[in-house]
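See structure below.
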Amino acid sequence: VLLTLAAPYRMQRFTSWLDPEADRLGFGWQVTQGQYALGTGGFWGVGLGASREKWGSLPEAHTDFIFPVIGEELGLVGTVTVLALFGLLAFAIFRLSRNTKDPFVRLAAAGVGSWIVIQAVINIGAVLGLLPITGVPLPLVSYGGSSLVPTLVALGMLMAFAKAEPDARRAVEPRLQGKGDEALDLLGGHAPALGDDRDGRRRQIGEDVHRHLAHGQRAVDHQQQRHADDDQPLFQAGVDDVFEHGYLTW
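Its first residue numbered 6, the sequence shown is counted upward by one per residue in our numbering.
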């Protein structure tokens, strides 16, 4: 109430919300034009980029009233899709808050989820005429870095929290294990087989590598004796002979 008395335009916003038609060319202009844009879109919309209201008729079409532009260009399908995406994001955030055992992660996830959901509800409610206009942008959609950057930072923080959750680790481990098993099978030289003893395979591969290295060392020692009086570098001669006779065949 005190803020309303300090700034008369806030009271005018409230009264125009109660009856937009009373001052349609004044404070009710933005609400009525936003609803007109939504109605013009119909079910499928007029086409992406084909909005007419955004070219001056609808104030703040790129920030606070981006939702009517989406409705005009993409129709009911586009607006419902945006609502569904916000619902999916809220579900993922609050699921993290419910399942985590860390109190800090629980509070952080609940706070960020409430922030994004409430901000979206206030923005869309003002566009539809269900709430007074407050100048709150639509999260992740409206133009402006001052709103987008903090939202992205908060979502990045939640993604880091979710990645460290035990359920996420259990979901990722089978895929990582599968990649490791494929690499192990390639090193072993035969196709994957169910029921393989992975520890035994690792020991076998280690023994094979050790045996091949021992063969190579014996070949080098042999060449050192053969070329003791030769001008050819001993190491190079040994390496050439190793590859020539196939001592390091894998």
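The beta carbon of each residue, even a glycine, is placed where N, CA and C say it ideally should be. Keep in mind the model is a prediction, meaning the values are calculated, not measured.
In terms of alpha-carbon separation, which member of Ser56, Trp49 and Phe48 lies closest to alanine 42?
-> Ser56
Can you list, in chain order, the residues of its chain whose CB lies under 6 Å from that of tyrosine 148, leaving out five sequence neighbours each side?
-> His67 and Thr68
According to DSSP, is aspartate 24 helix, strand or coil?
-> coil
Between valine 158 and glycine 80, what straight-line distance do the alpha-carbon atoms span, to the nearest angstrom?
-> 31 Å
Contacts around tryptophan 22, its chain only, beta-carbon distance under 6 Å, and the 5 residues preceding and following it disregarded = Pro137
Apart from the five residues just before and just after proline 144, which ones in its own chain have a Cβ nearer than 6 Å to its Cβ?
-> Ile121, Gln124, Ala125 and Thr156
What three-state label does DSSP hand glutamate 78 in the structure shown?
-> helix
State whether the stretch 31 to 48 contacts the stretch 107 to 122, with contact taken as three or more CB pairs (one from each stretch) at a distance under 8 Å.
-> no
Which listed residue (Thr105, Leu30, Ile75 and Arg18) has its alpha carbon closest to that of alanine 169 = Thr105
Leaving aside the five residues before and after leucine 3 along the sequence, list all residues of the same chain whose C-beta is less than 8 Å from its C-beta, in chain order.
-> Since the first residue of the chain shown is 6 and the last is 255, residue 3 is not available in this structure.
Measuring CA to CA, which of Pro171, Val51, Ala95 and Gln17 is closest to aspartate 107?
-> Pro171
Nearest-angstrom Cα separation, counted from glycine 76 out to glycine 44 | 8 Å
Run through the stretch 59 to 133 for me and flag every whole alpha helix (DSSP H) of 4 or more residues, listed as ranges in chain order.
-> 71 to 104 and 108 to 133
Whose C-alpha, out of Ser62, Leu93 and Arg18, is nearest the C-alpha of threonine 139?
-> Arg18
Aspartate 24 to arginine 15 span [Cα, whole Å] = 14 Å
Cut-off 6 Å between Cβ atoms - residues of its own chain near phenylalanine 99, not counting five sequence neighbours on either side | Gly118
Does the Cβ of leucine 253 have 16 or more other Cβ atoms within 10 Å, making it buried, or fewer, making it exposed?
-> For leucine 253, the predicted model reports a pLDDT of 44, less than 50, meaning its position is unreliable and no value from the coordinates is stated.
Identify, in the order they occur along the chain, each residue of the same chain with its Cβ nearer than 6 Å to the Cβ of phenylalanine 91, setting aside the five sequence neighbours on each side.
-> Ala125
Reference threonine 84; option with closest CA among Ala97, Phe32 and Phe48 = Phe48
Below 6 Å CB to CB, which residues in the same chain sit around tryptophan 60 once its five sequence neighbours on both sides are set aside?
-> none
Identity of the residue in Ser62, Gly50 and Phe32 nearest threonine 86 by Cα = Gly50
Quick one: using the 10 Å Cβ neighbour count with 16 as the cut-off for buried, is proline 13 buried or exposed?
-> exposed
Could you check which residue in Leu160, Val82, Glu78 and Trp34 has the C-alpha nearest to that of leucine 63?
-> Trp34
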